[in-house]
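Just below is one structure, and these are the notes that go with it.
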Amino acid sequence: MNNVTTNMSSDDGVVGNFVSRRLFFLQYLHVLEFVVAVLVFLVINSLRQRRRYGLPVWPFLGMVPSLVSGLRSDLYEWISDILCEQNGTFRFKGPWFSSLNCVVTADPRNLEHLLKSKFSVFPKGPYFRDTVRDLLGDGIFNADDETWQRQRKTASIEFHSAKFRQLTTESLLELVHARLLPVLENAVNQSISIDLQDVLLRLTFDNVCMIAFGVDPGCLRLGLPEIPFAKAFEDATEATLLRFVTPTWVWKTMRCLDLGTEKKLKKSIKGVDEFAEEVIRTRKKELSLQTEDKKQRSDLLTVFMRLKDEQGKPFSDKFLRDICVNFILAGRDTSSVALSWFFWLLEKNPVVEQKILAEICKIVNERDDMKNGADLKSPLIFRPEEIKKMDYLQASLSEALRLYPSVPVDHKEVVEDDTFPDGTLLKKGTKVIYAIYAMGRMEAIWGKHCREYKPERWLRDGRYMSESAYKFTAFNGGPRLCLGKDFAYYQMKFVAASILYRYRVEVVKGHVVVPKLALTMYMKHGLKVNLIKRHESELQVYLENNV
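Residue numbers (the working numbering): 9 to 555.
What follows is the structure in structure tokens.
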């Protein structure tokens with residue numbers, strides 16, 4: 009009897025365990041079903057919001073998963089596609105409690121509004137200044153209000169002075185004929201390919217350092233040596249950009265702990281500062297010993313050294329450093345990067361190259377010495393008045409800048425509640441990104457052939473005609489319109505004409521050309537090219553056709 013009772017108790021225990029396990033499994037299954045249901049709801053809800061916002065909006069993460077996908081491919085094309093779908097403007101929602109929320113626009117109406125009509129409402133703002141201050145300090149591209157106005161006014165007077173124009177043209181002529189062309193000729197003689205982007209960056213870097221600091225770093229010379237200041241400057245700009253796609257608390261923590269890209273940025277800025285400090289120290293000593301009858305320098309550093317601040321005191325070394333670094337950033341990258349994309353586009357559009365060469369030869373043929381049978385072998389130096397006549401070349405460069413602007417995106421911040429002309433509401437503190445790269449790819453702005461390289465769109469009766477700065481924003485617009493726009497065009501035309509008259513530029517077969525994520529639109533892998541020297545017979549054909 010006891011055995012029977014024991015067996016029954018044992019069976020009851022087994023049944024009880026089975027039932028309790030089943031109940032636990034059912035409870036677990038209900039929880040799992042609930043979790044899955046919630047996840048499915050969140051996914052469907054996030055994907056539904058794509059129709060409204062242009063991208064899925066995920067809980068906690070916002071649109072960051074899509075941003076990561078864009079960063080892995082081509083960020084600028086990714087932004088362009090979204091803007092085209094959203095009629096030119098969309099709101100980017102970052103993670104909760106992050107600094108990545110902003111409005112992105114490529115609508116010309118909105119650009120005119122923020123760059124001109126409501127200029128005072130859209131300064132660079134504290135977020136931008138804080139992000140780039142380590143590199144740019146309080147220089148003209150990072151400054152707002154009185155600080156910006158003072159620098160802008162002084163620089164504007166200098167940029168339009170005859171002495172400054174002479175400095176820029178003479179230094180460019182010397183660099184092209186004494187340094188650039190010998191480097192290119194050496195590559196031809198040795199039958200080697202070169203990175204044209206690197207060569208052009210060296211050229212413009214030397215040129216802008218002469219203009220800003222009054223010194224020649226010597227980046228562009230045979231052997232293409234690595235210059236510590238140039239390397240430090242490039243590393244600093246690259247590391248600074250990464251801050252814009254990193255939550256502020258993250259990069260600030262990395263800066264405090266001296267980790268990752270912030271460690272690299274700190275080291276590179278130290279290199280930039282050491283160079284600037286040495287130049288400023290040397291210049292001060294030079295100016296203190298300078299006599300009245302000695303020829304005075306006209307570079308920006310010397311000009312600002314001779315001026316006083318609002319208290320009547322000389323500008324600090326830090327202020328002088330910031331001014332020069334800002335102008336180097338503007339002058340070094342923009343022209344060289346634009347020229348790199350220009351030569352890449354020319355190879356894909358040989359008819360455009362032929363038209364440019366025909367225009368150059370027509371202008372050269374108007375010279376008196378050419379009419380008298382001058383030898384084509386003699387070195388040809390283009391004159392300023394000849395560069396000015398090259399309308400088709402300027403149209404071709406503008407078209408390259410339209411498709412590949414040197415500064416692909418720029419930033420503003422709203423200081424009071426406002427509304428864009430397209431109806432977008434802007435709350436105080438909102439960050440606004442205007443996507444210049446995307447504007448060149450919008451049919452609403454440039455028509456259905458907007459992605460094609462067509463210099464003719466810039467010509468009226470054969471003469472170059474500029475477009476609205478709010479449609480073509482490669483040189484910014486409004487009160488912040490680029491001061492060096494005229495010189496940039498002169499520099500690009502002089503360099504391009506000097507190269508094209510002598511060489512045909514062919515991109516190395518299989519070389520991959522994609523943009524790099526940086527403050528300016530570098531080619532990620534450079535521009536590897538082979539140079540083919542033009543025969544006299546080829547030039548003679550163009551010259552004879554223009555008789």
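Using N, Cα and C, we set each Cβ at its ideal position, and we do this for glycine too.
Once you ignore the five residues that flank residue 529 on each side, which residues in its own chain have a CB closer than 7 Å to its CB?
The answer, listed in chain order, is 345, 412, 413, 414, 416, 523.
So for residue 218, helix, strand or coil by DSSP?
Helix at residue 218.
Residues in the same chain with beta-carbon distance under 7 Å from residue 538, minus the five sequence neighbours each way, listed in chain order, please.
201, 514, 516
What did DSSP end up calling residue 442 once you bin it into helix, strand or coil?
strand
Compute the Euclidean distance between the alpha carbons of residue 152 and residue 134, then round it to the nearest angstrom.
9 Å
Between the C-alpha atoms of residue 480 and residue 293, what's the straight-line distance to the nearest angstrom?
44 Å
Under a Cβ-count criterion, where at least 16 other Cβ atoms within 10 Å of its own Cβ denotes burial, should residue 170 be classed as buried or exposed?
It is exposed - the Cβ of residue 170 has fewer than 16 other Cβ atoms within 10 Å.
Measure the Cβ-Cβ separation of residue 442 and residue 84 and say whether it is below 7 Å.
No. Outside cutoff.
With a threshold of 16 other CB atoms inside 10 Å of the CB of residue 49, please say whether the residue is buried or exposed.
Caution is warranted here: a pLDDT of 44 is assigned to residue 49, below 50, making its placement in the model unreliable, and the coordinate value is therefore given only provisionally. Exposed: under 16 other Cβ atoms inside 10 Å.
Do residue 208 and residue 81 have their C-beta atoms closer together than 7 Å?
no
May I ask you to verify whether the region 395-407 touches the region 462-472, counting CB pairs closer than 8 Å and requiring at least 3?
yes
What number of angstroms, rounded off, separates the C-alpha of residue 489 from the C-alpha of residue 483?
Taking the straight line from one Cα to the other gives about 6 Å.
Taking DSSP as the reference, what is the three-state secondary structure of residue 323?
coil
Consult DSSP for residue 356 and reduce its assignment to one of helix, strand or coil.
helix
Between which residues of its own chain and residue 8 is the CB-CB distance below 8 Å, once the five residues before and five after are set aside?
Because the chain spans 9 through 555 in this model, residue 8 falls outside it and cannot be assessed.
DSSP beta-bridge partners for residue 200?
Bridge partners of residue 200: none, in fact.
Candidates 408, 325, 324, 320: which alpha carbon is nearest residue 355's?
408
Give me whichever residues DSSP pairs with residue 519 in a beta bridge.
Beta-bridge partners assigned by DSSP to residue 519: none are found.
Less than 8 Å between C-beta atoms, sequence neighbours within five positions excluded: which residues of the same chain meet that for residue 319?
none
Looking at the structure shown, is residue 536 part of a helix, part of a strand, or coil, going by DSSP?
strand
Within this structure, are the beta carbons of residue 495 and residue 405 separated by less than 7 Å?
Not closer than 7 Å, so no.
Whose C-beta lies closer than 7 Å to the C-beta of residue 317 among residues of the same chain, with five residues either side of it excluded?
323
Just checking, does the region 246-254 make contact with the region 267-278 on the three C-beta pairs under 8 Å criterion?
yes
Since residue 1 contacts residue 127 with CB under 8 Å, what's their CB separation in whole angstroms?
This structure cannot settle anything about residue 1, because the visible part of the chain is limited to 9 through 555.
Measuring straight from C-alpha to C-alpha, what distance separates residue 358 and residue 461?
11 Å
Measuring CA to CA, which of 183, 243, 116, 145 is closest to residue 527?
243
Cα-Cα, which of 96, 197, 102 is closest to residue 76?
102
Have a look at residue 548 and residue 503 and give me their C-alpha separation to the nearest angstrom.
Answer to the nearest angstrom: the Cα atoms are 21 Å apart.
Pull up the CB-CB distance for residue 410 and residue 212, whole angstroms please, since I reckon it's below 8 Å.
Wrong, their Cβ atoms sit about 20 Å apart, outside the cutoff.
Pull up the CB-CB distance for residue 420 and residue 122, whole angstroms please, since I reckon it's below 8 Å.
6 Å
Near residue 224, which residues of its chain fall below 8 Å by C-beta distance, leaving aside the five closest residues on each side in sequence?
214, 217, 218
Once the 5 residues before and after residue 343 are set aside, which same chain residues still bring their CB inside 6 Å of it?
212, 496, 499, 500
Would you mind stating whether residue 167 and residue 491 have Cβ atoms separated by less than 7 Å?
yes
Are the CB atoms of residue 90 and residue 98 nearer to each other than 7 Å?
yes
Exposed or buried, what is residue 448 when buried is set at 16 or more other beta-carbons lying within 10 Å of its beta-carbon?
buried
Beta-carbon of residue 237 versus every beta-carbon of chain C: anything under 7 Å?
Here chain C cannot be found, since the structure has a single protein chain.
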